[in-house]
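Asker: Got a structure here, written out as structure tokens. Questions coming.
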Amino acid sequence: MRPDNSPAIIAAARRRHELTRAKAVQAIRELERTGAPVSFAAVAQAAGVSRSWLYAEHNLRQEITRLREATRSAPTPAIPAGQRASDASLRRRLEVAEQRIRQLRADNDKLRRQLAHALGDQRHAGRGSASRR
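Everything in the sequence shown is counted per the numbering used here, starting at 2 for the first residue and increasing by one.
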């Protein structure tokens with residue numbers, strides 16, 4: 002008769018379950034910490050578990066649902082004041098853009114005039130050689 006090793010198998014299954022649960026909890030906390038949307042798919046991908054396993058874990062399902070609803074109803078976070086562009090900065094960027102547009106328009110006009118002269122010279126050269134024949 003074989004020895005009964007079911008206690009060892011049960012203990013290994015419990016350890017595997019706790020490890021998987023810890024990975025899921027860590028993934029939830031990390032998503033929450035970074036401000037990323039919390040969803041069953043996001044947690045499953047981050048933790049390396051299946052969505053069906055997350056749904057089967059009652060406490061995890063409740064936590065993910067709670068956080069998902071909280072992130073859906075929360076307004077988008079405002080940009081911190083230190084990262085926002087000041088009015089003076091925006092005005093300066095607009096002035097530089099307008100100056101660049103004026104420069105490009107002048108370059109365009111110059112190139113159009115050069116092209117017109119080149120085409121005129123080409124046409125004139127073509128008539129001169131045709132009349133000499």
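Using N, Cα and C, we set each Cβ at its ideal position, and we do this for glycine too. Here the structure is a predicted model, which means the values were calculated and not measured.
Given this structure, state the Cα-to-Cα distance separating D88 from Q27, to the nearest angstrom.
Answerer: For the purposes of this step, residue 88 is taken as the residue at position 87 of the sequence shown. For the purposes of this step, residue 27 is taken as the residue at position 26 of the sequence shown. Looking at the two C-alpha atoms, the distance is approximately 41 Å.
Asker: Once the 5 residues before and after V44 are set aside, which same chain residues still bring their CB inside 7 Å of it?
Answerer: Numbered from its first residue, the sequence shown carries residue 44 at position 43. Cβ within range, chain order: A25, A28, I29, L32, L55 and I65.
Asker: For the segment 46–115, which segments carrying the alpha helix (DSSP H) assignment without a break, of at least 4 residues, lie completely within its bounds, in sequence order?
Answerer: Counting only runs of 4 or more, we get 52–57 and 59–74.
Asker: What residue from A98, R52, A47 and P38 has the CA that sits closest to E70's CA?
Answerer: Looking up residue 70 in the sequence shown gives position 69. When each option's Cα is compared against that of E70, the closest is P38.
Asker: I'd like to know whether the C-beta of D122 is nearer than 8 Å to at least one C-beta of chain E.
Answerer: This model lacks chain E altogether, as it is built from one protein chain only.
Asker: If you count every other CB in all the chains shown that lies within 10 Å of the CB of A48, and 16 or more means buried, which is it?
Answerer: Here residue 48 refers to the residue found at position 47 of the sequence shown. Looking at its Cβ environment, which holds 16 or more other Cβ atoms inside 10 Å, A48 is buried.
Asker: Can you list, in chain order, the residues of its chain whose CB lies under 7 Å from that of R92, leaving out five sequence neighbours each side?
Answerer: As a first step, residue 92 is located in the sequence shown; it is residue number 91 there, counting from the start. Within the same chain, R92 has no close Cβ partners at all.
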